[in-house]
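Some notes on the structure that comes next.
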């Protein structure tokens with residue numbers, strides 16, 4: 006059965022039921038909505054970071070000198086990446102409908118605390134065929150039996166998955182502003198080469214080199230080749246991601262939502278049928294939304310691409326974990342983990358993190374970054390559960406707590 | 468992890484500057500990483516990290532205390548400019564002796580300690 010194009014609304018509404026961090030809303034008449042492209046403006050980026058810094062100063066009682074703006078920028082970006090990706094990941098995992106996020110159809114509203122409101126209008130989506138190739142539905146997976154979904158983790162929210170057992174005031178405060186730091190982490194049993202994605206641990210995800218990793222049949226749409234999409238490790242050489250470049254990636258997506266291919270207007274009809282959710286999200290949300298915002302933050306605050314792409318990975322891992330903890334159907338947990346694993350194997354996310362499944366009886370995956378968001382540099386800040394700097398023993402305890410919840 | 472449950476972990480930065488032969492051509496960075504692994508495994512774990520954002524101090528390494536030492540208050544110790552076999556050997560010897568919170572840092576190795584970022 007071929008994939009087909011539908012409206013994204015129903016899928017996004019299903020995602021929004023997971024809580025405010027998974028919610029995008031239909032655009033209303035509120036005059037406060039600003040175009041997505043504003044988020045790429047250096048002045049707006051700087052203001053977002055100042056807002057984050059103000060919150061941290063207020064909650065920690067520290068001065069601006071003590072709240073390093075680069076660290077704030079990294080973590081504010083992590084929060085933004087989470088807001089841009091979590092609803093889409095949840096929509097895809099829960100409904101098999103993948104919204105095709107395009108900058109021209111999205112708006113946001115500034116907020117001092119809490120999840121940044123994001124609105125959409127006329128957003129199309131791809132309904133994937135029911136016979137899943139990328140969505141894992143492990144036969145032996147069971148829904149977590151230890152109590153209700155961790156509702157307390159979500160709405161009010163995610164503490165930054167702090168690995169240290171003592172969240173500080175700063176950390177707590179931070180959790181309310183920057184929800185996505187929630188990325189719970191995981192530890193390796195063995196050191197592994199940086200960049201190895203533990204895709205084999207995820208049901209339904211082919212090992213590297215298997216069919217799923219092939220370039221698409223047309224061979225010309227590798228995300229890393231798209232303008233504005235950095236290659237891993239290629240920080241210095243790539244073109245600056247501009248709003249224009251971002252918009253140019255899928256120029257036809259907005260004009261002809263009902264006809265042809267929404268990914269690329271010149272793509273032969275039917276090409277999207279070969280794409281799974283991970284690829285669709287990589288080519289739309291990652292390439293068109295997150296990548297340009299990341300570059301805007303990087304240009305203003307001079308941050309390592311590994312730190313920043315690691316933040317994107319962390320946002321995805323945190324969202325997948327929250328989906329797993331909130332949905333009773335184990336298939337959704339497996340599906341979200343499989344999609345994240347697929348995204349981690351592509352483009353600039355390659356090598357930034359891996360997924361671990363500490364308990365084979367539980368459909369719960371934890372992300373482990375090969376990098377760090379720098380949050381620990383703030384006064385009272387600890388390392389997150391998914392951080393490279395978190396000791397294994399601490400990470401294991403963190404997992405155990407999450408699994409026992 | 469069981470074999471390193473009571474060992475230290477050494478996080479070795481390897482990215483844009485650390486481990487970069489263009490920045491520090493005098494050193495075989497891959498060999499350095501292999502030496503560390505060979506000298507410390509299996510009692511201690513050596514892992515590599517992407518950029519830790521202390522580029523001026525490349526090569527940067529972080530020695531994390533054993534779980535026991537950590538529970539007693541020991542914190543990770545950061546090292547910068549680990550570019551000579553002598554420093555490397557001192558670091559290995561110190562980790563073998565127990566690392567942070569357990570063994571005193573030898574005076575020569577102490578010269579390579581850098582402030583943990585954000586804690587300076």
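Protein chains in written order, with the working numbering: chain H, 6 to 410; chain Z, 468 to 587. Glycine is no exception: its CB is placed at the ideal position from the N, C-alpha and C atoms.
- Are any of the Cβ atoms in chain H nearer than 8 Å to that of residue 485/Z? no
Exercise. Of all the options 282/H, 10/H and 44/H, which has the alpha carbon lying nearest to the alpha carbon of residue 112/H?
Worked result: Of the candidates 282/H, 10/H and 44/H, the one whose C-alpha sits nearest the C-alpha of residue 112/H is 44/H.
| request: Give the secondary structure of residue 362/H by DSSP, where H, G and I count as helix, E and B as strand, and everything else as coil. | output: Note: residue 362/H maps to coil in three-state DSSP.
Run through chain Z and tell me which residues come within less than 7 Å of residue 3/H, C-beta to C-beta. Because residue 3/H is not part of the residues shown, which for chain H are 6 to 410, the question remains open.
ask   = Rounded to a whole number of angstroms, what is the C-alpha to C-alpha distance between residue 115/H and residue 47/H?
value = Taken atom to atom, the span from the alpha-carbon of residue 115/H to that of residue 47/H is near 15 Å.
Leaving out the 5 sequence neighbours to the left and right, which residues in its chain are closer than 8 Å to residue 96/H when beta-carbon positions are compared? 13, 16, 17, 19, 20, 102, 103, 104 and 130
Rounded straight-line distance, which links the Cα of residue 536/Z to that of residue 567/Z
7 Å
- Query: In the structure shown, what three-state DSSP assignment does residue 577/Z receive?
  - Reply: helix
Query raised in the report: What first and last residue would you give for the alpha helix (DSSP H) that runs through residue 328/H?
Result: 310 to 331
In this structure, what does DSSP give as the bridge partners for residue 402/H? Paired residues: none, contrary to the question.
message: Let me see if you follow: with CB-CB separation under 8 Å, is residue 529/Z close to chain H or not?
response: yes
Determine the chain Z residues that contact residue 309/H at a beta-carbon separation under 9 Å, and present them in chain order.
-> 482, 483, 517, 518, 519, 520 and 522
>> Three or more C-beta pairs under 8 Å: does that hold for the stretch 397 to 407 of chain H against the stretch 480 to 492 of chain Z?
In response: As far as the Cβ criterion goes, the stretch 397 to 407 of chain H does not touch the stretch 480 to 492 of chain Z, which means the pair count is below three.
*Closer than 7 Å by beta-carbon distance: list the chain Z residues that pair up with residue 312/H, in chain order.*
518 and 520
- Following the continuous alpha helix (DSSP H) through residue 477/Z, name the residue where it begins and the one where it ends. Here residue 477/Z belongs to no alpha helix (DSSP H); instead the beta strand (DSSP E) covers 476 to 480.
Measuring only between beta-carbons, confirm whether residue 492/Z sits less than 8 Å from chain H.
-> no
For residue 5/H, collect the residues of the same chain with a Cβ closer than 8 Å to its Cβ; drop the 5 residues on either side in sequence, then sort them by chain order. Nothing can be reported for residue 5/H: it is not among the residues displayed for chain H, which extend from 6 to 410.
Quiz item: Any idea what DSSP makes of residue 43/H, helix, strand or coil?
Solution: helix
Using the DSSP secondary-structure output, state which residues sit across from residue 371/H in a beta bridge.
361/H
Item to complete: Report the neighbours of residue 315/H on chain Z: residues whose CB is nearer than 8 Å to its CB, in chain order.
Response: 517
Residue 8/H versus residue 500/Z - alpha carbon distance: 47 Å
Counting only runs that start and end within the stretch 14 to 44 of chain H, where is the alpha helix (DSSP H) found for 4 or more residues in a row?
14 to 21
Q. When DSSP labels each residue in this structure, what does residue 130/H get in the three-state scheme?
A. strand
Note to self: Going by beta-carbon coordinates alone, are residue 316/H and residue 86/H separated by less than 8 Å?
What the structure shows: Cβ distance < 8 Å, so residue 316/H and residue 86/H count as in contact.
**Message:** Only counting the same chain, and skipping five residues up and downstream in sequence, which positions put a Cβ closer than 7 Å to that of residue 513/Z?
**Reply:** 477, 479, 503, 504 and 507
Contacts around residue 486/Z, its chain only, beta-carbon distance under 6 Å, and the 5 residues preceding and following it disregarded: 496
**Prompt:** Is the shortest distance between the beta-carbon of residue 131/H and the beta-carbons of chain Z less than 8 Å?
**Reply:** no
Answer with yes or no whether the minimum CB distance from residue 563/Z to chain H is below 8 Å.
no
Kindly indicate which residue of 375/H, 381/H and 100/H has the alpha-carbon position closest to the one of residue 311/H.
375/H
Buried or exposed: where does residue 517/Z fall if 16 or more other Cβ atoms within 10 Å of its Cβ makes it buried? Residue 517/Z is buried by the Cβ-count criterion.
Q. Are three or more beta carbon pairs between the stretch 56 to 66 of chain H and the stretch 341 to 358 of chain H nearer than 8 Å?
A. no
Local Cβ density within 10 Å of residue 348/H, reported as buried at 16 or more and exposed below that:
buried
* Asked: Taking just the CA atoms, how far does residue 305/H sit from residue 94/H?
  -> 28 Å
Would you mind telling me which residues of chain Z sit closer than 7 Å to residue 382/H, beta carbon to beta carbon, in chain order? 584 and 585
CA-to-CA distance, residue 338/H to residue 330/H, given in whole angstroms: 8 Å
Inset, instruction - Could you list the residues in the stretch 383 to 397 of chain H with a C-beta less than 8 Å from some C-beta on chain Z, going in chain order? - result: 383, 384, 386, 393, 394, 396 and 397
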